[in-house]
Amino acid sequence: MIAQLTGVVARSEGNSVILDVGGVGFQVFVPVPTLASLPEAGGKVTLLTHLVGRVQPDFDVTLYGFATPTELRAFKILLGVSGVGAKVALALLSTLDVAELARALSTNDTKSVTKVPGVGPKLAQRLCLELGDKMAAFAFEQKADRASAGQQTAQENAAYEDAVEGLIGLGYGRADVRRAVDRAFAAAADKTNASVLIRQALTLLTSGK
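Numbering-wise, the numbering used here puts 19 at position 19 of the sequence shown, and it's gapless, one number per residue.
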């Protein structure tokens, strides 16, 4: 099992990167957030990897890479669902970030899930049914980890969630709201004021930025 690769970015090809590791070029398929975080050609990077395929009778394997343990764990969770192969799992993590995906699945938001290429209503419903509780627990763990690391206080977390739910109540899609509140939260001087977060995120939503 190849669990990690550290090498130099040779080039990107669609949704994959060619990583030069000691003169050997590994093609690693990555989700969009990981692809966007990669350095330019010539830069050094470490990717956590998961090997999918078979060695026998024919060597037919594909490497999937991730920038964070959270992405890798979510990928493995998705592969446990019947009908979800590596390509669909990668598409899910490319269209929705891990937090968005966890929220969508745990709240039965099939509308957001069906925006992912290759995911129809039946598969979206199955994902929500099989992974709803697991992804809710996963999202809680991630939030707890962030809080324990001092990245967000309890008051900031509460304001963030209030802003998200408030905007969803106005009829906006969860994925769009999540992106807008993320941006508003990052720019806010007072991250504990839900009203301010809602106003700033609403401005982003109505402007289409």
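The C-beta atom is built at its ideal place from N, Cα and C for all residues, glycine as well.
Just so we're clear, the structure is a prediction, and the values are computed from it rather than from any experiment.
The criterion of a C-beta distance shorter than 8 Å is not satisfied by L167 and A189.
In the three-state reduction of the DSSP assignment, L90 falls in the helix class, which pools H, G and I.
The C-alpha of V61 lies about 12 Å from the C-alpha of F29. DSSP places A188 outside any alpha helix (DSSP H), giving it a letter other than H or E. Straight-line spacing of the CA atoms in Q155 and A91 works out to 33 Å.
Of the other Cβ atoms in all chains shown, 16 or more fall within 10 Å of the Cβ of L72; this residue is therefore buried. Judged by pairs of C-beta atoms under 8 Å, the segment 100 to 110 touches the segment 132 to 141, as three or more such pairs exist.
A10 and Q27 have their C-alpha atoms roughly 10 Å apart. For the pair A175 and K115, the Cα-to-Cα distance works out to about 10 Å. By the neighbour-count criterion, in which 16 or more other beta carbons inside 10 Å mark a residue as buried, L127 falls on the buried side. Remark: C-beta atoms of V8 and G43 approach each other more closely than 8 Å. With 16 or more other CB atoms across the displayed protein chains lying within 10 angstroms of its CB, V113 is buried.
With respect to the C-alpha of P39, the residue from L19, V24 and V52 having the closest C-alpha is L19. In the three-state reduction of the DSSP assignment, V8 falls in the strand class, which pools E and B.
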